[in-house]
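Each remark here refers to the structure printed beneath this line.
Protein chains in written order, with my numbering: chain A, 1 to 258; chain B, 1 to 290.
This is the structure:
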């Protein structure tokens, strides 16, 4: 496993908002075809690190490399086309559009059709349709294809989000708290989909999560952040049992449910 | 009765379509980038003067309409790229002040180039005169304007609801970050959106020049009713801008007929009533600037 090449590498990343050092010198390496988890109490800087890695904020210092290329200052949409897909902590879907339209936006981007006005050829249209059917099938939402996303259950919306992050045909998928606020049954649906991302599609997955059972079931490596820094790093069997992980969570809202 | 009311109703619809089309442009820009574009009226006036310049060099009205609208859009893109785009990450007050400053500069420039008073902006003779519909006689140019603005609004709706770019604009209004995460260059999207808003203003400005006369303050005099249209119709709603514009236009015209002294304030009364009953406007969503 450790022989696999590094797909995403952050070195000395710093990101401050006003006086608050949200990310304070973080090194992170994700290897190809790995499922990596990022954990830590609220305010540890996990989402800020995600934003720095995906270009939604540029880091104040440090570098981000994706598949060997320095992408530290690359605009977010361009990074997406290089092969990073992501979801957001807050529900990020277009509620007034149908499931199919939500997915079509990313598919069109991956076909380089997003900013042109010319209608695609018939063959191209068939490819778009095939890709849409494939994505719907992957998250098992075929029956909801033409439903407005606002009408869907919270769990189904989460699956739409994952399918959206997949719609741009990424190599690496970054999920920000994919099971937040979900009931047990929905959590296991997400769990099996994320496993499929890795096992069936051969993607690299990096996710932020508070549900430690979810982390233990999926992650091959776990990075624990606290107050903007990396506290622990290693296989889940080691990190989740480390007393420092429990200490960091103490006093925070979450309890470690290992 | 009907002979007296009909011209005022047509007048109201024409006026209302102007307000609607300017309001739609304002609304598009406001929704996507939070920019309150006080220079919107200047783009209308600029388009009027450019059309005037093209016609005085022998161009036909329709050539002037197309040419001036496109030139104004190019100026709009330049203004957005050079100035306004730098302020997107700041609170709306910055772009409000910037565009207010730009509108002052624009108005003085018009005065320097074309003089402080009206220029003779003549619509072609075949568009002048009147057309009889049954026993109701209506000014031809107003009917032409009504037709043209209906075409423009239809074209805009087709663009927004039937093209990939339109889908992205509608999506980006809801969540620009997600749109970027789906691989769309949102900077280009902002520019296209601004250009569409300016194009609408330009078309309205050229038609308005033939109706209201062309002087340096023309566009700005239509800007306040357009902002009121946005408030009444509700921010974020195209249909709201259309309904709001027609509502104001009709109310003002009919008031002019029966109570001329109140015609100036009636739209403010309308706005006050709507704000009291439904603060987000008739079709608006709450908390655009949340």
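Note that CB positions come from ideal geometry on N, CA and C, so glycine has one too. For clarity, every value in this text was computed on a predicted model and none was experimentally measured.
Test: residue 220/A CB closer than 8 Å to a CB of chain B: Position 220 of the first chain, counting from 1, holds the residue named residue 220/A. So no, residue 220/A is outside the interface.
Contact list for the segment 168–201 of chain B against chain A, Cβ threshold 9 Å: For chain A, the residues of the segment 168–201 of chain B that bring a beta carbon within less than 9 Å of one of its beta carbons are 168, 170, 171, 174, 175, 177, 178, 179, 180, 181, 182, 183, 184, 185, 186, 187, 188, 189, 192, in chain order.
Which of helix, strand or coil DSSP assigns to residue 212/A: Taking the first chain and counting its residues from 1, the one referred to as residue 212/A is at position 212. DSSP places residue 212/A within a helical segment (H, G or I) once states are collapsed to three.
Proximal residues of chain A, C-beta to C-beta of residue 164/B below 7 Å: Position 164 of the second chain, counted from the first residue, corresponds to residue 164/B. From the beta-carbon of residue 164/B, the residues of chain A found nearer than 7 Å are 108, 113, 114.
Contacts around residue 171/A, its chain only, beta-carbon distance under 6 Å, and the 5 residues preceding and following it disregarded: Translated into the one-based positions of the first chain, residue 171/A becomes position 171. Cβ within range, chain order: 83.
Collapsed DSSP secondary structure at residue 18/A in the structure displayed: Numbered from its first residue, the first chain carries residue 18/A at position 18. Correct three-state label for residue 18/A: coil.
Residue-level contact to chain B via CB, residue 96/A, 8 Å cutoff: Within the first chain, numbered from 1, the residue matching residue 96/A stands at position 96. The beta-carbon of residue 96/A is placed less than 8 Å from the nearest beta-carbon of chain B.
Close-in-space but distant-in-sequence residues of the same chain around residue 45/A (CB under 6 Å, 5 per side omitted): Taking the first residue of the first chain as 1, we reach residue 45/A at position 45. Result list for residue 45/A: 22, 23, 225, 228, in chain order.
Where residue 135/B falls, given that 16 or more other Cβ within 10 Å makes a residue buried: Along the second chain, read from residue 1 onward, the residue named residue 135/B stands at position 135. Burial call: exposed.
Whole-angstrom distance between residue 105/A and residue 142/A, CA atom to CA atom: In the first chain, counting from the first residue as 1, residue 142/A sits at position 142. In the first chain, counting from the first residue as 1, residue 105/A sits at position 105. One alpha carbon belongs to residue 142/A, the other to residue 105/A, and they sit about 17 Å apart.
CB of residue 61/B within 8 Å of CB of residue 214/B, strictly: On the second chain, position 61 is the one that residue 61/B refers to. On the second chain, position 214 is the one that residue 214/B refers to. The answer is no: Cβ separation not under 8 Å.
Cross-chain neighbours of residue 101/A in chain B, by beta carbon under 9 Å: Start at 1 with the first residue of the first chain, and residue 101/A comes out as number 101. Neighbours of residue 101/A in chain B, taken as residues at a C-beta separation under 9 Å, are given in chain order as 167, 171.
Run of the beta strand (DSSP E) containing residue 223/A, from where it starts to where it stops: Along the first chain, one-based indexing puts residue 223/A at 223. Residues 221–226.
CB of residue 28/A within 8 Å of CB of residue 223/A, strictly: Translated into the one-based positions of the first chain, residue 28/A becomes position 28. Translated into the one-based positions of the first chain, residue 223/A becomes position 223. In terms of Cβ geometry, residue 28/A and residue 223/A form a close pair [threshold 8 Å].
Residue 137/A - DSSP class collapsed to helix/strand/coil: Numbered from 1 along the first chain, position 137 holds the residue referred to as residue 137/A. Note: residue 137/A maps to helix in three-state DSSP.
Integer Cβ distance of residue 81/A from residue 183/B, believed to fall under 8 Å: Taking the first chain and counting its residues from 1, one reaches residue 81/A at position 81. Taking the second chain and counting its residues from 1, one reaches residue 183/B at position 183. That belief holds up - the Cβ atoms of residue 81/A and residue 183/B are roughly 5 Å apart, short of 8 Å.
Inter-stretch contact at 8 Å, needing at least 3 Cβ pairs: the segment 169–183 of chain B / the segment 10–26 of chain B: The segment 169–183 of chain B is not in contact with the segment 10–26 of chain B.
Close-in-space but distant-in-sequence residues of the same chain around residue 255/A (CB under 6 Å, 5 per side omitted): By one-based count along the first chain, residue 255/A stands at place 255. Summary for residue 255/A: the model assigns pLDDT 44, below 50, so the residue's position carries little reliability; its value from the coordinates is reported in the next sentence. Close CB contacts of residue 255/A within its chain, under the 6 Å cut and outside five residues either way in sequence, are absent.
Between the CA atoms of residue 66/B and residue 222/B - distance to the nearest angstrom: Translated into positions along the second chain, residue 222/B becomes position 222. Translated into positions along the second chain, residue 66/B becomes position 66. Distance from the CA atom of residue 222/B to the CA atom of residue 66/B, rounded to whole angstroms, is 21 Å.
Residues near residue 157/B in its chain [Cβ-Cβ closer than 8 Å; skip 5 each side]: Counted from its first residue, the second chain places residue 157/B at position 157. Excluding five sequence positions before and after residue 157/B, the CB atoms of its chain that fall closer than 8 Å to its own CB belong to 238, given in chain order.
Partners in chain B for residue 167/A, counting only beta-carbon separations shorter than 8 Å: Taking the first residue of the first chain as 1, we reach residue 167/A at position 167. Result: 182.
Closest by C-alpha distance to residue 6/B, when choosing among 201/B, 102/B, 138/B: As a working note, residue 6/B is residue 6 in the second chain. The alpha carbon of residue 6/B has as its nearest neighbour, out of 201/B, 102/B, 138/B, the alpha carbon of 138/B.
Interface residues of chain B facing residue 86/A [CB-CB closer than 8 Å]: Your numbering for residue 86/A matches position 86 in the first chain. Among the residues of chain B, those whose CB is under 8 Å from the CB of residue 86/A are 181, following chain order.
Any C-beta of chain B under 8 Å from that of residue 191/A: Residue numbering aside, residue 191/A sits at position 191 when the first chain is read from its first letter. By the rule that beta-carbons nearer than 8 Å mark a contact, residue 191/A does not touch chain B.
Interface partners of residue 117/A on chain B, CB under 7 Å: Position 117 of the first chain, counting from 1, holds the residue named residue 117/A. Correct list: 163, 165.
Outcome for residue 202/B when other beta-carbon atoms lying within 10 angstroms are tallied against a minimum of 16: Here residue 202/B corresponds to residue number 202 of the second chain, with the count starting at 1. The Cβ neighbour count for residue 202/B, taken over all protein chains shown within 10 Å, is at least 16; the residue is labelled buried.
Selection from 139/A, 131/A, 169/A, 92/A that minimises the alpha carbon distance to residue 192/A: Taking the first residue of the first chain as 1, we reach residue 192/A at position 192. Nearest to residue 192/A by C-alpha distance, out of 139/A, 131/A, 169/A, 92/A, is 139/A.
Length of the line joining the Cα atoms of residue 281/B and residue 188/B: Here the question's residue 281/B lines up with position 281 in the second chain. Here the question's residue 188/B lines up with position 188 in the second chain. Taken atom to atom, the span from the alpha-carbon of residue 281/B to that of residue 188/B is near 30 Å.
Any 3 or more C-beta pairs closer than 8 Å across the segment 194–212 of chain B and the segment 242–249 of chain B: No: the two stretches stay apart, fewer than three of their Cβ pairs being nearer than 8 Å.
Chain B contact residues for residue 56/A, given Cβ-Cβ distances below 7 Å: Here the question's residue 56/A lines up with position 56 in the first chain. Chain-order list of chain B residues neighbouring residue 56/A: 177, by C-beta distance under 7 Å.
Other residues of its chain near residue 62/A: CB distance less than 6 Å, five sequence neighbours each side excluded: Taking the first chain and counting its residues from 1, one reaches residue 62/A at position 62. 11, 12, 13, 14.
Per DSSP, cross-strand counterpart(s) of residue 304/B: With chain B covering only 1 through 290, there is no way to say anything about residue 304/B.
is_contact[residue 164/A, chain B] using C-beta, thresh 8 Å: Along the first chain, one-based indexing puts residue 164/A at 164. True, the Cβ-Cβ gap to chain B drops below 8 Å.
Reference residue 43/B, options 34/B, 20/B, 103/B, closest by Cα: Locating residue 43/B in the second chain gives position 43, where the first residue counts as 1. It is 103/B.
Cut-off 7 Å between Cβ atoms - residues of its own chain near residue 195/B, not counting five sequence neighbours on either side: For the purposes of this step, residue 195/B is identified with residue 195 of the second chain, where counting begins at 1. Short of 7 Å from the beta carbon of residue 195/B, and not among the five residues preceding or following it, lie these beta carbons of its own chain, in chain order: 73, 76, 77.
Counted within 10 angstroms of its Cβ, other Cβ atoms place residue 124/B as buried (16 or more) or exposed: Counting from one through the second chain, the residue named residue 124/B turns up at place 124. Counting the other CB atoms within 10 Å of its CB gives residue 124/B a total below 16, which places it among the exposed residues.
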